[in-house]
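Engineer:
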Amino acid sequence: QVQLVESGGGLVQAGGSLRLSCAASGTIFSINIMGWYRQAPGNQRELVATMSSGGSTNYVDSVKGRFTISRDNAKNTVYLQMNSLKPEDTAVYYCNVLYVTTPLREYWGQGIQVTVSS
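Position in the sequence shown (from 1) plus 1 gives the number in the numbering used here.
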């Protein structure tokens, strides 16, 4: 079993910054993809950014150049630095871990609110 604990959300004005953290504990597999998704009211959950254990990254177009994902493999923690925040970034952000095992194992955090005021 894996537990994901998120922190760092909150309320910020447009143009401001926040840093989200997600720490994984429990049974950890070395080959994995850690990332962030978000869901705004009335919208489907969407991928924001992911980073593999090998360092490859992927971002949704709307956050490229503003958000940076990073991770500390020794601490099993993934971060999302969010700069130049916009009101449309307002959502519940979810941490996700996908372990590349057979079968695949996927876990979600409980979600953390990010609100950007205009």
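Just so you know, even glycine gets a beta-carbon here, dropped at the ideal spot from N, CA and C.
Rounded to a whole number of angstroms, what is the C-alpha to C-alpha distance between Ala15 and Arg67?
Structural biologist: When rounded, the distance between both Cα atoms is 12 Å.
Engineer: How far does the beta strand (DSSP E) with Glu107 in it extend, from its first residue to its last?
Structural biologist: Residues 106-109.
Engineer: For Lys76, which residues of its own chain have a beta-carbon under 6 Å away from its beta-carbon, when the five flanking residues on both sides are left out?
Structural biologist: Taken in chain order, the list of residues that qualify is empty.
Engineer: Our contact map puts Val115 next to Leu19 with C-beta atoms below 8 Å; I'd like the distance itself, whole angstroms only.
Structural biologist: Yes, Val115 and Leu19 are in contact; Cβ-Cβ is about 6 Å, under 8 Å.
Engineer: Would Asp73 be called buried (16 or more neighbouring beta carbons within 10 Å of its own) or exposed?
Structural biologist: Exposed.
Engineer: CB-CB under 7 Å to Val13, same chain, minus the five flanking residues each way: which ones, in chain order?
Structural biologist: Leu19, Leu86, Val117.
Engineer: Using three-state DSSP, classify Ala41 as helix, strand or coil.
Structural biologist: Correct three-state label for Ala41: coil.
Engineer: Can you say whether Thr28 is buried or exposed, counting buried as having 16 or more other CB atoms within 10 angstroms of its CB?
Structural biologist: Exposed, because fewer than 16 other Cβ atoms sit within 10 Å of the Cβ of Thr28.
Engineer: Where DSSP assigns a beta bridge to Asp73, which residues make up the other side?
Structural biologist: In DSSP, Asp73 forms a bridge with Thr78.
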